[in-house]
Amino acid sequence: MNSVAYEVISLKLSWRELRERSEGVTLQESIELPNLVKENRQLIKLEPVRVSLNGTEASGVGLLQGLLQSEATYRCSRCLHDFTEDLHVQFDEHFMQVTEDKLSAEEGTDYNDDRNLVVGEQIELVPYLEQAINLALPYRPLCNQDCAGLCPQCGVNLNEESCSCQTERIDPRLADLAKFFEKDS
Numbered sequence: 001m002n003s004v005a006y007e008v009i010s011l012k013l014s015w016r017e018l019r020e021r022s023e024g025v026t027l028q029e030s031i032e033l034p035n036l037v038k039e040n041r042q043l044i045k046l047e048p049v050r051v052s053l054n055g056t057e058a059s060g061v062g063l064l065q066g067l068l069q070s071e072a073t074y075r076c077s078r079c080l081h082d083f084t085e086d087l088h089v090q091f092d093e094h095f096m097q098v099t100e101d102k103l104s105a106e107e108g109t110d111y112n113d114d115r116n117l118v119v120g121e122q123i124e125l126v127p128y129l130e131q132a133i134n135l136a137l138p139y140r141p142l143c144n145q146d147c148a149g150l151c152p153q154c155g156v157n158l159n160e161e162s163c164s165c166q167t168e169r170i171d172p173r174l175a176d177l178a179k180f181f182e183k184d185s
């Protein structure tokens with residue numbers, strides 16, 4: 001089993017602060033999320049994430065909305081070259097404070113809503129920030145949509161140079177038939 005060491009990063013918001021400020025809470029932070037790079041093999045580097053959130057509380061539900069911004073360096077899934085793109089992620093999460101007992105009772109219940117149940121006086125935001133960014137990352141990052149990739153024979157980057165390899169694939173079941181036609185010509 002592969003063991004991965006994760007860095008503990010924390011960004012918390014107090015329920016008390018959220019409730020006491022009728023105009024809401026503004027959160028402006030810059031935070032590093034190194035675990036995202038460790039979990040995503042095609043993500044080479046993630047600059048510190050600029051977190052800009054507005055929070056309000058009504059009827060026991062906390063709402064946090066805003067924008068997460070960073071610069072991400074990916075490895076192209078076709079040509080394997082690194083490239084950098086700006087990352088802009090909308091953040092919109094609902095939180096509801098519950099007790100341990102209520103959390104245990106609600107565990108099997110399907111609310112069919114977007115509320116995140118939180119025990120305690122603090123909302124730990126990092127897992128939700130990581131999730132939002134993770135969902136925004138491309139599944140197969142491409143340096144550009146027309147990336148030609150690597151030659152399967154010689155491995156040359158076809159974006160930078162061409163090669164003379166024959167890349168036509170013949171179905172092995174029809175290989176003998178192809179040889180037959182080669183003899184006739």
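Each step along the sequence shown adds one to the number in UniProt numbering, with nothing skipped, and position 169 is 169.
Glycine is no exception: its CB is placed at the ideal position from the N, C-alpha and C atoms.
For residue i, count the other beta carbons within 10 Å of its own beta carbon; 16 or more makes it buried, fewer makes it exposed. Which is it?
{"i": "residue 49", "result": "buried"}
{"i": "residue 60", "result": "exposed"}
{"i": "residue 119", "result": "exposed"}
{"i": "residue 20", "result": "exposed"}
{"i": "residue 112", "result": "Because residue 112 sits at a pLDDT of 47, beneath the cut-off of 50, its placement in the model cannot be relied upon, and the point is left open."}
{"i": "residue 174", "result": "exposed"}
{"i": "residue 181", "result": "exposed"}
{"i": "residue 68", "result": "buried"}
{"i": "residue 165", "result": "exposed"}
{"i": "residue 35", "result": "buried"}
For residue i and residue j, which I take to be in contact (beta-carbon distance under 8 Å), what is that distance rounded to the nearest angstrom?
{"i": "residue 123", "j": "residue 13", "result": "5 Å"}
{"i": "residue 72", "j": "residue 43", "result": "6 Å"}
{"i": "residue 125", "j": "residue 98", "result": "Not a contact, Cβ separation roughly 17 Å."}
{"i": "residue 77", "j": "residue 140", "result": "4 Å"}
{"i": "residue 95", "j": "residue 115", "result": "7 Å"}
The beta strand (DSSP E) spanning residue i covers which residue range?
{"i": "residue 173", "result": "Counting along the chain, residue 173 falls outside any beta strand (DSSP E), and DSSP gives it neither H nor E."}
{"i": "residue 144", "result": "It is not in any beta strand (DSSP E) - residue 144 carries neither H nor E in the DSSP assignment."}
{"i": "residue 118", "result": "115–119"}
{"i": "residue 124", "result": "122–124"}
{"i": "residue 13", "result": "12–14"}
Who are residue i's beta bridge partners in DSSP?
{"i": "residue 61", "result": "58, 96"}
{"i": "residue 131", "result": "Bridge partners of residue 131: none, in fact."}
{"i": "residue 28", "result": "52"}
{"i": "residue 43", "result": "74"}
{"i": "residue 69", "result": "50, 88"}
{"i": "residue 158", "result": "None; residue 158 has no bridge partner."}
{"i": "residue 150", "result": "157"}
Any heavy atom of the ligand ADP closer than 8 Å to the beta-carbon of residue i?
{"i": "residue 157", "result": "Because no ligand of any kind appears in the structure shown, any question about the ligand ADP cannot be addressed here."}
Provide the residue span of the alpha helix (DSSP H) that contains residue i, from first to last.
{"i": "residue 33", "result": "Element bounds for residue 33: n/a, residue is neither H nor E."}
Indicate whether at least one CB of chain C lies closer than 9 Å to the CB of residue i.
{"i": "residue 75", "result": "Structure shown: chain C not included; a single protein chain is present."}
Quiz item: Would you call the stretch 51–59 and the stretch 136–151 touching, i.e. three or more CB-CB distances under 8 Å?
Solution: The stretch 51–59 is not in contact with the stretch 136–151.
Self-check item: Segment contact flag, the stretch 83–94 with the stretch 152–168, C-beta cutoff 8 Å, min 3 pairs
Solution: no
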